[in-house]
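Heads up, the numbering used here is the position in the sequence shown plus 8, with the first residue counted as 1. Even glycine gets a Cβ: it sits at the ideal position worked out from N, Cα and C.
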Amino acid sequence: MNETLFARIGPALVLAALAATCTLAHAGAGDLVQSTVDGAKRMAIDNARPAWARADRARGAVDAEVRLDRVSVLLRRTPERQAAFEALLRDQQDPRSPRYHAWLDAAEIGQRYGASAHDLDALAGWLRSEGLRVEAVAPARTRVVVSGRSGDVARAFDTALAWYDGGERRRIGATSRPSVPAAFATIVRGVVGLDTFTLRPKHRVVAARRPAGAKALHPAGTACNDSGCEHVMFPADFAAIYGIGGAVADIDGAGQSIAIVGRQRVYAPDVSNYQTIAGLPQRAVEVIVPPGATDPGAPASQCGAAGSSCDDPSDAVGDQTEATLDVQVAAGVAPGATIKLIVAKDTDTESGVQRAIEHAIDASPLPARVLSISFGSCEADNGADVAHYLDDVFGQAAAEGISVFVSSGDSGVADCADHTGAPPAQPEPSIDVMCSSGHVTCVGGTRFADDAEPDRYWSSEDGAGYRSAYGYIPEGAWNEPIGRGGETALAASGGGTSRYLPRPAWQSGPGVPTDGGRSVPDVSLNAASHDGYVTCMAARRGSCAVSGGSFSFLISSGTSASAPAMAGIAARLNQKFGAAQGNLNPNLYALGAHPVNAVFHDVTPATSAVSPCDVAVPSPCNNSTPGPSALSGGRAGYAVAPGYDRATGLGSVDVRNLMAAWPTAQQSGPPLNQHGMSGSWANAATPGQGLVIDVLPDLYAPGTGLLFGGWFTYGVDPAGETPFVVHRWYTIQGQVDGGDVATMPIYVTTGGRFDTSQPTSTDVVGTATLAFSDCSHGMLHYSISDSRPAEGDIPLTRLLPNVDCVAAGNPPAAPPTYWMSGTWADPANSGQGLIVDVGPTQNVVFAAWYTFAADGGGQRWYTLQGPRGSNATRVDDIGIFETSTGGFDDATPVTTTRIGSASMLLRECSSARLTYRFTAGENDGRSGTLELTRLGTASPGCHL
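Written out as structure tokens, the structure reads:
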């Protein structure tokens, strides 16, 4: 239940998506489960098995008593809801749409676009009957999370579970394709959690350095040998290279939050020391352990902790290294932002990173509107279920306004190859499955092409914050196929085309492949150990604690650095425009199609300084891999090229130009926080229905008012077959400000009786977005999950002439001729009232009366209309009209009949009496009086 002006009924009630127990009710038109669940009739889930789940790698059956804590059953939307959800995502990124940047929360997404309560009840009932525990229904209603004994899980999905050799650690996997009862074939799209979802960090670290003397960093960590000089990159260098200077420098991410997902905490002094040497403000990292997740415990503070040496760190210290790099890079690019590290430890049956990602997207309120993920797993090592699961999760994030950044991978074109080991011969091409969704910005890596003329790009003296870079440095693809010991190595930007997910419609432009799959990366930033990122970590002998005029530090690289760097840029973008920008990809590609914007540094063979470019030989002009012992013998990748390419995407970002060219919604309509927006509105193409709006300007605070609207229309019966002969009405209520667009809930009130005090119920059934192009024209976008879900747009035209609405500036006070306009209700009645619109230039009174049938048989509404006359306090002979036979938001012809008359007496500006008498219709012969109180404040211009 929710409170509106018509129904003040106490605190909001969160509707449960799933009851504790359930009985399969009759399926409705919006339900996918239409038949009785019969466990003997099953349907195999059509998915690809992970490459590692092979019989030759099986290492025995999983004991039936082993507990699986989080198995996610993935749900399909109805085709109508899926189409509506995709339309929402398009509109949220279209500056011309009234839904531009109208972000939803997870529960709203579930209510409007998720599985129906009927389908959830049916699925949960079956899962429980199989001995499984339903742990949660995701707020967006796209997955049901269950737990149970592995024996029960395997039986439920008609498969067997085995241990498999997973390389670094063993994995659980299904030995065959799982299945579900045929009744669920239309709603269950997959199961995640039967096969261990293993994610690897995407970083690499060069041994710690401790230069000697007060000028230890001269310039900024230069190291020279026979093959040239190498620099390290401080935040000040990053800012100089990628255009974060001038006025843009003042936009530092203040007021924004960046969420980093990881498996281990960071050591607080490491972050503090980093901020000190880089000249950044001291800001502590906020650590979040999701409820129910496994806490990884305290971070290491020195070498040797928990059996970890400085040169051979344990897995826990490796995870801490990843978290430390991500946090410090993000803080270095957006020093004013709050960094929130969401951590959860892996277990044999659960991915901690997966749990952290779900928390970042499902939690309410959201931890952050920018999310950085530097862990990954190649597509070929995962089934299609994982790709679809991630696409659903990241699609939810996009609808919530979260900008997600993911590392493209560190093994070049062959993401399945372990970048920490020796290169295999002819590895299988694959992208990172974390990048396969178009709802994330996949960030690849570049390498600065500064070997030939380092003095042209780097100063011999350090500036503030150890800056030594003069400005932008030409880039090639990140590919360092020879390690520091002369061995071949996998160290290159991941990229390629998804085998599971299609190319999004917005992914187009010069160079973008047209082969139908999603191509990655989208953009790139420096990821090379050549000119790598300064990182501070005591547990790896690089604490950055100053002693004797010098300090030790690490040099970090990999696309693990690129992703949080791009997240920092997004935080600055959000700050500049004062709002979350959501999925950046549609705008990035639109900007990339017009090089005149100079938003991207295009990476080409010429900028890479490699000529000619041969993809058979790994180099900075491609993301090919070397062989086990020579540059040849690896896997040919993709070459850099003008425009888009699958090694560096659109290129690296010029932040100054990105902010200058970034599209925004241009306000073209009047501010909504003015009394002049009050009035009667309708679409002439759909007769007999409309919207009466009452705006109470500055009700909450100067510049922030309340809009209350009564929408009178028609319903449909539960089966969706014919229009009701009775009416349907909704109320719309929310805050408005100086903008011309507002999004607010749609409420429905039920259970009342005409002109009685019988209790009513008011519930949220959807969301409305109101946008106005001028004082007399607007648009109502609605999404309703009522007796039958509906979504659409209604063009609105003011029915009575505008009197005091202004297109810009401060609206004038309402004139005294509006003495009767507003929202009125009789406290002795429940959940019903009138919204009155006075047309002073026409001397007309129009009102919509929202009420119920006298026998409690549903909603009713009537319209009242009559001449105002010259009497300032009384209007007589107001006609009461009933309109019937109409259809919800359609052009069905209507019949309008006068069924009575009324008079209205204004006793004070906020007190009135309505006397009514019905002479026809279902209330024929009924008469009475409503003692009305104005809901809200009277106009300052009102006087009697």
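Can you give me the Cβ contacts of residue i inside the same chain, cut-off strictly under 6 Å, excluding the 5 residues immediately before and after it?
i: G453; result: W486, S501, S532, A535, T567, S570
i: T859; result: F762, Q840, R868
i: D539; result: H239, M241, F456
i: R65; result: Y172, D173
i: A601; result: G517
Run through the DSSP bridge pairs and tell me what residue i is partnered with.
i: V199; result: V81
i: A541; result: Note that residue 541 corresponds to Tyr in the displayed sequence, not to Ala. According to DSSP, which records beta bridges pairwise, Y541 is partnered with M241, S564.
i: I347; result: I266
i: Y869; result: For clarity, residue 869 is Trp in the given sequence; the question names Tyr instead. Paired residues: Y858.
i: Y738; result: W719
i: E939; result: R921
Can you list, in chain order, the residues of its chain whose CB lies under 7 Å from that of residue i, leaving out five sequence neighbours each side?
i: A220; result: Residue placement at A220 cannot be trusted, given a pLDDT of 41 that sits under 50; what the coordinates show is reported in the next sentence. Contacts found: S558.
i: F402; result: V412, S445, H447, V448
i: N1; result: The first residue shown for the chain is 9 and the last is 952, placing residue 1 beyond what the model contains.
i: Y924; result: I888, G908, A910, S935, G936
i: Q3; result: Any property of residue 3 remains undetermined from this structure, which presents the chain solely from 9 to 952.
i: G711; result: N681, D745, G746
Hey, how far is the Cα of residue i from the Cα of residue j?
i: I843; j: H683; result: 14 Å
i: A95; j: G201; result: 30 Å
i: D370; j: S619; result: 48 Å
i: M545; j: P321; result: 12 Å
i: D932; j: F926; result: 5 Å
i: R197; j: Q100; result: 26 Å
i: T941; j: L699; result: 21 Å
i: S688; j: I701; result: 6 Å
i: T905; j: E930; result: 12 Å
i: R800; j: H789; result: Position check: residue 800 holds Gly in this sequence, whereas Arg was assumed. Going by the C-alpha atoms only, they are around 6 Å apart.
i: P227; j: D319; result: Low confidence applies here, because P227 scores a pLDDT of 43, under 50, leaving its location unreliable; read the following figure in that light. Roughly 26 Å separates the two Cα atoms.
i: R363; j: V142; result: 16 Å
i: E483; j: P431; result: 24 Å
i: D278; j: F246; result: 20 Å
i: W670; j: G384; result: 29 Å
i: A499; j: H427; result: 7 Å
i: F854; j: D102; result: 36 Å
i: L804; j: Y738; result: 16 Å
i: I802; j: M787; result: 6 Å
i: E88; j: S769; result: 28 Å
i: V70; j: W466; result: 57 Å
i: G139; j: D160; result: 6 Å
i: S947; j: D706; result: 11 Å
i: T730; j: A928; result: Reliability fails at T730, whose pLDDT of 44 lies under 50, so the model's placement of it is uncertain and the value that follows must be treated cautiously. Each residue's Cα considered, the two are about 25 Å apart.
i: N281; j: C552; result: 6 Å
i: G944; j: D834; result: 13 Å
i: A392; j: A673; result: 37 Å
i: A693; j: L112; result: 30 Å
Could you name the residues of the same chain whose beta carbon sits closer than 8 Å to that of residue i, not counting the 5 residues immediately before and after it, in chain order?
i: P753; result: N10, I740, Q741, G742, V772, G774, T775, A776
i: T615; result: A457, P482, E483, G484, H609, V648
i: T764; result: N837, S838
By the 10 Å Cβ neighbour count, where 16 or more other Cβ atoms means buried, how is residue i classified, buried or exposed?
i: P767; result: exposed
i: D440; result: buried
i: A170; result: buried
i: R654; result: buried
i: E488; result: buried
i: Y708; result: exposed
i: K49; result: exposed
i: G554; result: Per the sequence presented here, residue 554 reads as Val, with Gly not at that position. V554 is exposed by the Cβ-count criterion.
i: I259; result: buried
i: S317; result: exposed
i: R273; result: buried
i: R492; result: exposed
i: V733; result: Here the model assigns V733 a pLDDT of 48, short of 50, so the residue's position is not dependable and the matter cannot be decided.
i: P809; result: exposed
i: S637; result: exposed
i: D399; result: buried
Would you call the stretch 339-354 and the stretch 573-581 in contact, with 3 or more CB pairs under 8 Å?
Touching, yes, given that three or more Cβ pairs across the two stretches are closer than 8 Å.
The stretch 458-476 in contact with the stretch 408-418 per 3-pair CB rule at 8 Å:
Segments in contact, no.
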